[in-house]
Amino acid sequence: MAHAAEGFLLPQVNRDAAQSYHTLPPGAALHGIVEALWLYESYSPPHCFERVLPSGTVEIVFNLAGGDMRCYDPETMRCVQVRSPIVTGVHRRHFVIDTEQQRSIMGVGFSPAGAWRWLGVPPDELADRHVELEALLGPAVRQWEEILRDAGGPRQRLERLNAILERNRLREAHPAVEWAVEQICGYPSDIRVDHLAEECQLSARRFSHLFTRQVGIAPKGFIRIRRFQAALAEIRKRGSFDWSALAVSTGFADQSHLIREFKAFTGLTPNAYAAMHRSWGKHVPRAEQDQICPLVVDPAG
């Protein structure tokens, strides 16, 4: 689910008074590795499915209500069923989730390259996939889920999750990758891969290999997603737009380029996204006419 940057919050965006959303900043030991810990309780929206838009980062999700997690291909609605907790790799387009399974969930939003440092698995091997966390880290994961489920309340759950994360042995990211991520996140509208490689004193091939291995997506793909995210942020802040001006200010060649990229990432036009409630952020409802019942289920391998 989408998460806030900092603080322990009881949100104002609930569609139902019983719903609640909480976040907790990670502890100092996880600085630069985890962006946020988050928890949804009693999430019960009126729609059945949501699109999860690309963020360029890896997440871990725990289904505290028990059972598997179901994720769908946005074009075919083919379902992949994965045992909780799951790791969602960097996706290069949106995917679809089942809101029925979002009633009591919590998770970890890693920073770019943070999953490399914490999981000990190259994130490029997880790209465009949903994988059981137990398959990566072993049976101790089952105990973690019980520890979180038995906590006394939202804050204690989040604090326990933070403690679990802090126990894992961390590894270092390559300095060139850390610097490049910082540059791309800070200036997504005005960045070139060849310039980044040159500044790092690496060949373009070596730089691209390091970046892809540790972030989970090639640098050009990461720049595309961050540029798209910059456009999303502007759309959420304002109501109506001069789309041509927005395209140029966020690094797109022109309005047509913005529209093409938006459709590639979301399946929506910028106008369609802007017409939705601004609180949806990274998660947006899937249109009612698309809410067919998927028949084919693939267990994750």
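The opening position of the sequence shown corresponds to residue 506 in our numbering, with each subsequent residue numbered one higher. Glycine included, C-beta positions come from ideal geometry on N, C-alpha and C.
DSSP three-state label for R608, please. Three-state DSSP puts R608 in coil, outside helix and strand.
Given this structure, state the Cα-to-Cα distance separating A632 from H596, to the nearest angstrom. Taking the straight line from one Cα to the other gives about 6 Å.
Which residues share a DSSP beta bridge with S525? Note: S525 sits in a beta bridge opposite E546.
What would DSSP say about Q734, mapped onto helix, strand or coil? Q734 falls in the helix class under three-state DSSP.
Which of the three DSSP states, helix, strand or coil, is assigned to R482? No statement about residue 482 is possible, as the shown extent of the chain runs from 506 to 806 and does not include it.
From the DSSP output, in three-state form, read off C690 for me. Secondary structure at C690: helix, using DSSP grouped into helix, strand and coil.
Burial state of P516, where buried means 16 or more other Cβ atoms lie within 10 Å: Because P516 sits at a pLDDT of 31, beneath the cut-off of 50, its placement in the model cannot be relied upon, and the following sentence gives the value as read from the coordinates. Here P516 is exposed, its C-beta having fewer than 16 other C-beta atoms within 10 Å.
Looking only at C-alpha atoms, which of R598, I610 and M611 sits nearest to K768? Comparing Cα positions, the closest option is R598.
For R520, which of helix, strand or coil comes out of DSSP? Its pLDDT being 43, under 50, R520 is placed unreliably by the model, and nothing is read from it.
Going by other Cβ atoms of all chains shown within 10 Å of its Cβ, with 16 needed for buried, is D756 buried or exposed? The sequence given here has Gly at residue 756, not Asp. Classification for G756: buried.
Endpoints, the beta strand (DSSP E) within which R556 is located: DSSP places R556 inside the beta strand (DSSP E), whose first and last residues are F554 to V557.
Pick from G772, A570, G619 and V566 that is closest to E580, judged by C-alpha positions: Considering only alpha carbons, the answer is G772.
Can you tell me whether R588 is helix, strand or coil according to DSSP? Correct three-state label for R588: strand.
Indicate the three-state DSSP secondary structure (helix, strand or coil) for V539 in the structure shown. In the three-state scheme derived from DSSP, where H, G and I count as helix and E and B as strand, V539 is classed as strand.
Pick from G619, E605 and H635: whose alpha carbon is nearest that of E671? Answer by Cα proximity: G619.
Is it the case that the Cβ atoms of A678 and W623 are separated by a distance below 7 Å? Going by C-beta atoms, A678 is not nearer than 7 Å to W623.
Where I689 falls, given that 16 or more other Cβ within 10 Å makes a residue buried: In summary, I689 is buried, with 16 or more beta-carbon neighbours lying within 10 Å of its beta-carbon over all protein chains present.
Please return the same chain residues whose Cβ sits closer than 8 Å to the Cβ of D521, not counting the five positions on each side in sequence. Unreliable positioning characterises D521 in this predicted model, as indicated by a pLDDT of 48, which lies under 50. The coordinate reading is nonetheless provided below. Excluding residues up to 5 positions away in sequence, S547 and S549 lie with their Cβ nearer than 8 Å to the Cβ of D521 in the same chain.
Is T593 closer than 7 Å to E555 when the C-beta atoms are compared? The answer is no: Cβ separation not under 7 Å.
So is A709 buried or exposed if we call it buried at 16+ other beta carbons inside 10 Å? Under this definition A709 is an exposed residue.
Exposure of Y692, with buried meaning 16 or more beta-carbon neighbours within 10 Å: Around the CB of Y692, fewer than 16 other CB atoms lie within 10 Å, so the residue is classed as exposed.
Alpha carbon to alpha carbon, how far is L751 from E739? Give it in angstroms, no decimals. Going by C-alpha positions, E739 is about 8 Å away from L751.
Span of the alpha helix (DSSP H), counted from its first residue to its last, around V753: For V753, the enclosing alpha helix (DSSP H) has its first and last residue at W748 to S754.
Just the Cα atoms here: how many angstroms apart are R674 and G726? Cα-Cα distance, rounded: 29 Å.
Give me the Cα-Cα distance between H536 and L642, rounded to the nearest whole angstrom. If I take the Cα positions, the gap works out to 21 Å.
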